[in-house]
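These notes concern the structure reproduced below.
Number of protein chains: 2
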Amino acid sequence: MPHTRSVADIGERALIERIRARIPLPPSWVIVGIGDDGAVIEPERNLLEVITTDALVEGVHFDRAFCGPADIGHKALAVNLSDLAAMGAAPRAALLSLMLPADLAVADVDSLLDGMLALAERSRISLVGGNISRSPGPLSVDVTVTGSVHRRRILTRGGARAGDEIYVTGTIGGAAAGLRALQHAALQSAHDTNALPLGQGNARARGANAEMEPLAEGIRRYLRPEPRLRFGMLLGRNRAARACIDLSDGLADGVRQIAQASGVGAVIDAHALPIQPKRAKMFEAISEAIGGGEDYELLFTVSPKLRGRLNGVRRLVKDLAITKIGRVTANRAVVLDMDGRIEELPSGFEHF
Amino acid sequence: MPHTRSVADIGERALIERIRARIPLPPSWVIVGIGDDGAVIEPERNLLEVITTDALVEGVHFDRAFCGPADIGHKALAVNLSDLAAMGAAPRAALLSLMLPADLAVADVDSLLDGMLALAERSRISLVGGNISRSPGPLSVDVTVTGSVHRRRILTRGGARAGDEIYVTGTIGGAAAGLRALQHAALQSAHDTNALPLGQGNARARGANAEMEPLAEGIRRYLRPEPRLRFGMLLGRNRAARACIDLSDGLADGVRQIAQASGVGAVIDAHALPIQPKRAKMFEAISEAIGGGEDYELLFTVSPKLRGRLNGVRRLVKDLAITKIGRVTANRAVVLDMDGRIEELPSGFEHF
Numbered sequence: 000m001p002h003t004r005s006v007a008d009i010g011e012r013a014l015i016e017r018i019r020a021r022i023p024l025p026p027s028w029v030i031v032g033i034g035d036d037g038a039v040i041e042p043e044r045n046l047l048e049v050i051t052t053d054a055l056v057e058g059v060h061f062d063r064a065f066c067g068p069a070d071i072g073h074k075a076l077a078v079n080l081s082d083l084a085a086m087g088a089a090p091r092a093a094l095l096s097l098m099l100p101a102d103l104a105v106a107d108v109d110s111l112l113d114g115m116l117a118l119a120e121r122s123r124i125s126l127v128g129g130n131i132s133r134s135p136g137p138l139s140v141d142v143t144v145t146g147s148v149h150r151r152r153i154l155t156r157g158g159a160r161a162g163d164e165i166y167v168t169g170t171i172g173g174a175a176a177g178l179r180a181l182q183h184a185a186l187q188s189a190h191d192t193n194a195l196p197l198g199q200g201n202a203r204a205r206g207a208n209a210e211m212e213p214l215a216e217g218i219r220r221y222l223r224p225e226p227r228l229r230f231g232m233l234l235g236r237n238r239a240a241r242a243c244i245d246l247s248d249g250l251a252d253g254v255r256q257i258a259q260a261s262g263v264g265a266v267i268d269a270h271a272l273p274i275q276p277k278r279a280k281m282f283e284a285i286s287e288a289i290g291g292g293e294d295y296e297l298l299f300t301v302s303p304k305l306r307g308r309l310n311g312v313r314r315l316v317k318d319l320a321i322t323k324i325g326r327v328t329a330n331r332a333v334v335l336d337m338d339g340r341i342e343e344l345p346s347g348f349e350h351f
Numbered sequence: 000m001p002h003t004r005s006v007a008d009i010g011e012r013a014l015i016e017r018i019r020a021r022i023p024l025p026p027s028w029v030i031v032g033i034g035d036d037g038a039v040i041e042p043e044r045n046l047l048e049v050i051t052t053d054a055l056v057e058g059v060h061f062d063r064a065f066c067g068p069a070d071i072g073h074k075a076l077a078v079n080l081s082d083l084a085a086m087g088a089a090p091r092a093a094l095l096s097l098m099l100p101a102d103l104a105v106a107d108v109d110s111l112l113d114g115m116l117a118l119a120e121r122s123r124i125s126l127v128g129g130n131i132s133r134s135p136g137p138l139s140v141d142v143t144v145t146g147s148v149h150r151r152r153i154l155t156r157g158g159a160r161a162g163d164e165i166y167v168t169g170t171i172g173g174a175a176a177g178l179r180a181l182q183h184a185a186l187q188s189a190h191d192t193n194a195l196p197l198g199q200g201n202a203r204a205r206g207a208n209a210e211m212e213p214l215a216e217g218i219r220r221y222l223r224p225e226p227r228l229r230f231g232m233l234l235g236r237n238r239a240a241r242a243c244i245d246l247s248d249g250l251a252d253g254v255r256q257i258a259q260a261s262g263v264g265a266v267i268d269a270h271a272l273p274i275q276p277k278r279a280k281m282f283e284a285i286s287e288a289i290g291g292g293e294d295y296e297l298l299f300t301v302s303p304k305l306r307g308r309l310n311g312v313r314r315l316v317k318d319l320a321i322t323k324i325g326r327v328t329a330n331r332a333v334v335l336d337m338d339g340r341i342e343e344l345p346s347g348f349e350h351f
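So the sequences go chain by chain: A and B.
To convert, note that position 123 of the first sequence is 122 in numbering that gives the first Met the number 0; the numbers rise steadily by one, no gaps.
To convert, note that position 274 of the second sequence is 273 in numbering that gives the first Met the number 0; the numbers rise steadily by one, no gaps.
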């Protein structure tokens, strides 16, 4: 086998240069970009800044046996953009902090950057700086993003009121089903080879499910989630939602977080949930869909009086399903309504 | 031995609540603080924003055998503040991304936060958000900070011109000597016990060197570096420096980075270097002081015509030594002058 160049072979400075070479010309508001002690950016006049950070850690958030480096790069940025979407903010600047095992191939770092930068370009966010460190353990990708939002258009978790309707974008459950399929495929592949090189496992697991359409879609959603940036911004701009959160940790967790932050309760209608893929066993499907995380859809509440504003937003995003799944209640219980049988909503997903 | 509560025992949400409870009331420019999808802050009118990130990874940047959790918390913020100092920026907001081994004691997370928040309060920076993840490997602490700076007062690496004088704050070499002493003490302790609990090794190693004054100072500098925030801001405000960098990776690296970014060279006078502690073998002392990182002093260049501005700054920071150590040259070589013997400046320190 020919020697593959690892990150330890070329070192920190050369890696920074490789990243710098991949980045498009920054916009004019980037005063100092990559390569100094810090980046210097010009804030947007009269707007507030949203700032958030989220990390993907190997063995906790991804498995290199079936997540390729480009998937990891895409997702590390996507989960952060999803937080901006949930606040109604427009993406602006990103910082990338990489913790790299010494034996990681340089080509994998290139692919990781390619996956991240493709999403960055589509989302109009500029990579302005970061940090590279060696890791004696897992590959970790920690991203920080900033966004801009008008003071009166911020979406938070705390604005829900009793009587609000609860909505969710797109479908839920797909990422959890996709992950299950990938884990199954990786397990089968392990019978042939003990170690799958980074990137190949991914292609293989994908191939194993290529003919199963809903699952293939779930796998795509798990590996390459698409943050609902445009929808979040439209919700904020039209002041259509009272509270909003992204479903990084599952629907059950999202509902609870909004309820807790707003001091309210919620009733979720089990049959209204837009679950994909459909499964024969309804109860299993529901519990996977509401317990499993990583769908990165938006969950939000709307005052029935302001439903007209939501309909206005709907007309602008015709290809995206918007489903009413329940309502906000004054009593603080968070429950699931299954044909009149009321149960406590199962617990959410904690990465710990 | 009584059971020590670990982070896995209490989980992510409880940890976030513990952090939130430790944080003082945020300033009025924090519109949304910890606990939503992102923090929302109001930028300072007419100022630019500096944003930078730096991570401390166990086994790469620190050893829990002799770095206590409060030291780690302090240092993770300090290395970022040092970057703000090097840009001439005033600290503003910080985000904390923690990657925690499941068996880490909750009390250690508390101490880590206490160490970080004590420095944050003194430095007037507000912790506004972050992320907590499990780590299947090392404890990693990734911090992102923002700062404010006036457009015409930014310090960068790229402004040095031939003829400039090169200065350094404080003393250099202390942190490298401190690290060596700590490693030595930890090695000796290892003869008694195989595993030093987090925090105790630190106290022990400190105790072992308590009577050796310059070394104790080096250990303090290694464990608890003090970013030169006030000096950096004064340099920027008085427009006294043409280029500036912090010495995270050693003096040799700092000189090279400024030279490269500015397209110039430099001559460093070996005898002028403010090395602490003094050592019998001059050559060893110089090579440790300029090769070893982590002093977190500022290195900067000053036009001889504007020396008056630097003297003005000096009068404001009487307790801080400011030493002229060389000059910027038009030819791009970066050299050390030892009594007229000219040598290439040794390579800097890479964390990889």
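Glycine is no exception: its CB is placed at the ideal position from the N, C-alpha and C atoms.
- At a cut-off of 8 angstroms, the C-beta of A251 of chain A has no neighbouring C-beta in chain B.
- Annotation for E164 of chain A: the continuous beta strand (DSSP E) segment containing it runs E164 to T168.
- In this structure, the straight-line span from the alpha carbon of E41 of chain B to that of I18 of chain B is close to 22 angstroms.
- About 5 angstroms separates the Cβ atoms of V39 of chain B and V49 of chain A, confirming a contact at the 8 angstroms cut-off.
- Of all alpha-carbon atoms in A:A104, A:S81, A:D336 and A:I30, the one lying nearest the alpha-carbon of A7 of chain A is that of A:A104.
- Closest in alpha carbon position to K317 of chain B, among B:R229, B:I218, B:W28 and B:S5, is B:R229.
- For S132 of chain A, the nearest beta carbon of chain B is closer than 8 angstroms to its own beta carbon.
- A contact is defined here as three or more CB-CB pairs under 8 angstroms, and the segment 173-185 of chain B fails this definition with respect to the segment 252-265 of chain B.
- Rounded to the nearest whole angstrom, the C-alpha separation of R220 of chain B and D294 of chain B is 7 angstroms.
- One thing to note: L233 of chain A has its Cβ within 8 angstroms of the Cβ of L315 of chain A.
- The beta carbon of A85 of chain B sits closer than 8 angstroms to some beta carbon of chain A.
- For K74 of chain A, there is no enclosing beta strand (DSSP E); the residue is found in the alpha helix (DSSP H) stretching over P68 to M86.
- Linking D252 of chain B to V29 of chain B through their CA atoms gives a straight-line distance of about 37 angstroms.
- Below the 8 angstroms Cβ cutoff, chain A contributes no neighbours of E16 of chain B, its closest Cβ being approximately 11 angstroms away.
- Annotation for V108 of chain A: no beta strand (DSSP E) segment contains it, though the alpha helix (DSSP H) segment containing it runs V105 to S122.
- The Cβ atoms of P25 of chain A and G32 of chain A sit closer than 8 angstroms to each other.
- In this structure, DSSP gives L233 of chain A a helical state, which the three-state scheme calls helix.
- Rounded to the nearest whole angstrom, the C-alpha separation of M337 of chain B and R238 of chain B is 31 angstroms.
- Contact with chain B is absent for R326 of chain A, since none of that chain's Cβ atoms lies less than 8 angstroms from the residue's Cβ.
- Taking the Cα positions, R123 of chain B is about 40 angstroms away from I165 of chain A.
- Taking the CA atoms as reference points, L83 of chain A sits about 57 angstroms from R340 of chain B.
- Your pair V140 of chain A and P135 of chain B does not check out as a contact, with CB atoms roughly 15 angstroms apart and the cut at 8 angstroms.
- Assigned with DSSP and collapsed to three states, G217 of chain B falls in helix.
- Any Cβ of chain B closer than 8 angstroms to the Cβ of D36 of chain A would place that residue at the interface, and such an atom is present.
- With a cutoff of 8 angstroms on beta-carbon distance, L344 of chain B and A240 of chain B are scored as not near each other.
- At least one CB of chain B lies nearer than 8 angstroms to the CB of I30 of chain A.
- At least 8 angstroms separates the CB of V316 of chain B from every CB of chain A.
- CA-CA distance, T52 of chain B to L55 of chain A, rounds to 16 angstroms.
- Not one beta carbon of chain B lies nearer than 8 angstroms to the beta carbon of D107 of chain A.
- Rounded to whole angstroms, the Cβ separation of E11 of chain B and I131 of chain B is 5 angstroms, and the two are in contact under 8 angstroms.
- When Cβ-Cβ separations below 8 angstroms define contact, P345 of chain B makes no contact with chain A.
- Taking CB atoms only, P42 of chain B has a neighbour in chain A less than 8 angstroms away.
- The beta-carbon of L47 of chain B is placed less than 8 angstroms from the nearest beta-carbon of chain A.
- Annotation: the continuous beta strand (DSSP E) that includes S96 of chain B extends over A89 to P100.
- G72 of chain A sits away from G128 of chain A, with the two beta carbons spaced by 8 angstroms or more.
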